Amino acid sequence: MLNLTFRLAVSGTGEHIAFISHHGLIVLTGSAKSGKERARIKHMVGERPLTCLAFHPSQAIIASGDMSGRIILWYNITSTRPVRRELHWHEMPVADLSFSALGSELYSGGSENVLVKWQLTSQRKYFLPRLGLPMRFITTDLKNNLIITAHLDNDYKNFCLALRLPAWYPALLMGSAALPLS
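In this text, residue positions in the sequence shown follow my numbering: the first is 1, and each later residue adds one.
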């Protein structure tokens with residue numbers, strides 16, 4: 001079962017803070033350095049409770065996952081009516097999301113034991129299946145070399161994107177062997 005008690009994310013610039021509440025997605029905007037109170041914007045998400053969220057590393061974009069397996073990309077989050085784009089592959093709740101260092105890819109995982117790589121510009125997705133027990137957390141490093149997944153049994157998996165390995169290597173299932181993953 002997913003822990004839905006509290007999920008929080010901070011933008012790469014530090015100007016925005018987002019968190020999940022029982023009302024939906026709450027975004028606090030504005031810089032703490034300015035001394036002004038942050039504006040609070042609430043985005044309703046309907047009857048599908050959110051399970052996780054991640055900020056784009058350099059833009060005001062949030063990715064959120066929900067109990068039905070949907071991922072919503074929220075563009076222009078400081079607006080009261082942000083543009084939303086839906087991605088859907090997961091059949092079960094999305095456990096965690098992580099953007100790549102440049103923000104051109106989004107990684108998602110959940111109880112299906114599959115890491116999904118979403119290429120946001122081309123709208124393609126790639127899969128790395130059979131990763132053991134369901135995922136709890138996903139993270140990427142700042143140099144875009146590693147993806148690390150943590151699982152319910154406290155196991156973790158490391159995927160090194162910088163290595164140029166033979167085509168049979170499972171991590172290359174996430175893309176063509178002729179194309180680098182990063």
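Beta carbons: idealized from backbone N, C-alpha and C, even for Gly.
No experiment lies behind these values; they were computed from the predicted model shown.
The beta carbons of H90 and E112 sit closer together than 9 Å. For G65, the pairing in a beta bridge is given by DSSP as C52 and I71.
C-alpha of H22 to C-alpha of P49: approximately 7 Å in a straight line.
Rounded to the nearest angstrom, the Cβ distance from L53 to I20 is 6 Å, consistent with a contact under 8 Å. Around the beta carbon of K117, a 10 Å sphere encloses 16 or more other beta carbons of the protein chains shown; the residue is thus reported as buried. If you draw a straight line from the Cα of G12 to the Cα of R40, it comes to about 18 Å. Closest in alpha carbon position to H16, among T51, V45, A60 and G46, is A60. Given a length threshold of 3 residues, each whole run of the beta strand (DSSP E) inside the region 94 to 143 is given here in chain order: 94 to 99, 105 to 110, 115 to 119, 124 to 128 and 135 to 140. Per DSSP, the unbroken beta strand (DSSP E) holding H151 starts and ends at L146 to H151. Here H88 is exposed: its Cβ has fewer than 16 other Cβ atoms, across all protein chains shown, within 10 Å.
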